[in-house]
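Input: a single structure, listed below in structure tokens.
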Amino acid sequence: MRLVLLGAPGSGKGTQGMRIARTHAIPQVSTGDILRAEIAAGTPLGAKAAQFVGKGLLVPDDVVLSMMKERLKKPDVKVGFVLDGFPRSIPQAEGLTVLLAAFAADLDAVIKLDVSKRVLLERMTGRWVCGSNCGAVFNLRSNPPQKEGVCDRCGGRLVQREDDTEETVRKRLNVYEASTAPLIDFYDSRGILMIVDGEGTLDEVTARIERGLAERGIARN
Ligand code: AMP
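Have a look at this one:
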């Protein structure tokens, strides 16, 4: 099963991606997580990416594509994958098609999570993530941690993402509209777009995704 999660920042790609990955036993590949890890490790790629990520801008397509070319060579993605945050532009989507063709593979579905701008802003400015990189994400309003400032999953300290300030969030939403939203038509014209209402509880959204996959006959793995 090869899936892409598409949607504005804050639409739930990371959280739902984690759930899909667990249910279907496929790896979740998040370009945002990979880039943040490179930045934290101070690698040359991280140094280049940091200039863009901190400002809410997209990292250049050639940088992301060569990073994904390496990632998709790893053996764990042989069983399939759920991509979260990639592709984010038409050149990236075209690049992904070429990368997959090298494995004689194609995408099964592109899941677009639909969330209103008001809810996106609320989610991102209230978002706290685990600083120990266990991947857990909380929201002070809709999904608070049991103990303030502490990760329910691993006990790590919760932190706010540097790019979740209101000003950067607005910029990221504009970047999404300009560069990423055109992918909706790109994948619709290929007949693999699945639009899912991304508002409501986490379980409601997960159930909608699973129903959509089942209706399309996209089998497990
Ligand atoms: P995310 O965690 O998906 O919200 O990504 C955080 C930031 O990482 C974005 O605002 C971009 O600066 C960068 N980023 C993540 N994925 C990509 C991508 N596919 N192309 C370009 N930049 C990306």
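Numbering (the numbering used here), first residue to last: 1 to 221. Beta carbons are placed, not taken as given, at the ideal position from N, Cα and C, and that holds for glycine. Only a predicted model underlies this, so the values are computations on that prediction, with no experimental measurement involved.
Quick one: is the Cβ of residue i within less than 6 Å of any heavy atom of the ligand AMP?
| i | result |
| --- | --- |
| Val59 | yes |
| Pro91 | no |
| Phe103 | no |
| Gly191 | no |
| Pro145 | no |
| Val77 | no |
| Pro9 | yes |
| Gly54 | no |
| Gly85 | yes |
| Val35 | The sequence given here places Leu at residue 35; Val does not occur at that position. Flag set: Cβ of Leu35 near the ligand AMP. |
| Arg172 | yes |
| Gly135 | no |
| Thr180 | no |
| Thr168 | no |
| Thr165 | no |
| Arg64 | The sequence shown places Val at residue 64, not Arg. Yes, since a heavy atom of the ligand AMP falls inside the 6 Å radius drawn around the Cβ of Val64. |
| Leu31 | A small fix is needed here, since residue 31 is Thr in this sequence, not Leu. Yes, the Cβ of Thr31 comes within 6 Å of a heavy atom of the ligand AMP. |
| Arg88 | yes |
Taking the alpha helix (DSSP H) that residue i belongs to, which residues open and close that run?
| i | result |
| --- | --- |
| Ile34 | 31-41 |
| Tyr187 | 182-188 |
| Phe52 | 44-53 |
| Pro91 | 90-101 |
| Leu65 | 61-71 |
| Asp203 | 202-215 |
| Glu240 | In the structure as shown, the chain starts at 1 and stops at 221, and residue 240 therefore has no counterpart that could be examined. |
| Thr168 | 166-175 |
Who pairs with residue i in a beta bridge, going by DSSP?
| i | result |
| --- | --- |
| Ile111 | Leu5, Met194 |
| Leu158 | Cys130 |
| Val82 | Leu3, Gln28 |
| Val150 | Arg157 |
| Asn143 | Asn139 |
At what residues does the beta strand (DSSP E) containing residue i begin and finish?
| i | result |
| --- | --- |
| Val137 | 137-139 |
(message) Would the stretch 162-172 count as touching the stretch 120-136 if we require 3 or more Cβ pairs under 8 Å?
(response) Result yes; three or more Cβ-Cβ pairs closer than 8 Å.
(message) Does the contact criterion of 3 or more C-beta pairs under 8 Å hold for the stretch 19-29 versus the stretch 99-109?
(response) In short, these stretches do not touch, since the Cβ pair count stays below three.
(message) When you compare the stretch 31-38 with the stretch 138-157, are there three or more beta-carbon pairs, one atom per stretch, that lie closer than 8 Å?
(response) Cβ pair count under 8 Å is below three, so no.
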